[in-house]
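Right, one structure below, let's go through it.
Residue numbers (this note's numbering): 99 to 346.
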């Protein structure tokens, strides 16, 4: 059985609507085994990171049935992966990497071929960064030029991404709201194509993370689509992240 975990959640520390405490309480109410609060690092800023970590740790002490992890979601900035200071990294439980630049307008001007080449380079680089744990919502390309359906993504990019993730020991996130990234693709078609991608990754030895990418407390634990995709792709608990294995 797949674990009931939600390792991608935002709060008012970045672009979420609710406070940390509200998120934790909703996780408990929904019976979630473990959550990770992963606000956007570029929106928090280095100066506020210590307070962010403290608030999550404090709220986690109130949770009696849900384990609460402290995390961040980092983005490339100007095509470069940001650096995290050692004392910040050691106080985090999990770090997600979002391939979309902190300024997404930089990608909107790229044609399809350039977009694929950009994401390939970013994925290659991220796979070699030891402190990155999870590649968040991979192939979130459906709102950029030339990509309507998941099947529009070229095979070489998918193959290269999976290989890099496996070799770099990065978890591939199956994010519950992936359909948001493909607004012009019918849900049934998108889901079928995404299952084929996950099935391929399973066969190549990939490991997965599960996240809602919730931006409000009511969305915490909403991972039904993620679990369905993983199950139909043949993934079991052995293919999914074990939070006990996370270490800095």
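Just so it is clear, CB atoms sit at the ideal spot from N, CA and C, and this is done for glycine as well.
Asked	Found
Which of the three DSSP states, helix, strand or coil, is assigned to residue 261?	helix
Roughly how many angstroms separate the alpha carbons of residue 324 and residue 330, rounded to a whole number?	10 Å
Quick check on the DSSP output: the alpha helix (DSSP H) that includes residue 142 runs from which residue to which?	139-142
Which residue marks the beginning of the alpha helix (DSSP H) containing residue 203, and which one marks its end?	203-206
For residue 116 and residue 316, what's the separation of their Cα atoms in angstroms?	9 Å
Can you give the beta carbon distance from residue 221 to residue 197, rounded, assuming they're within the 8 Å contact cut?	7 Å
Please list, in chain order, all residues of the same chain as residue 255 whose beta carbon is under 6 Å from its beta carbon, the five residues on each side excluded.	214, 218
So for residue 248, helix, strand or coil by DSSP?	helix
The alpha helix (DSSP H) that contains residue 290, what's its start and end?	285-301
Counting only runs of 4+ residues fully inside the region 127-170, write out the alpha helix (DSSP H) ranges in chain order.	139-142, 144-158
Between residue 276 and the rest of its own chain, which residues show a CB-CB distance below 8 Å, the 5 nearest in sequence each way excluded?	235, 238, 288, 292, 323
By a C-beta neighbour count over all protein chains shown, 10 Å radius and 16 as the cutoff for buried, is residue 143 buried or exposed?	exposed
For the beta strand (DSSP E) holding residue 216, just list the boundary residues, first then last.	Where residue 216 is concerned, there is no enclosing beta strand (DSSP E), although the alpha helix (DSSP H) it sits in stretches over 210-225.
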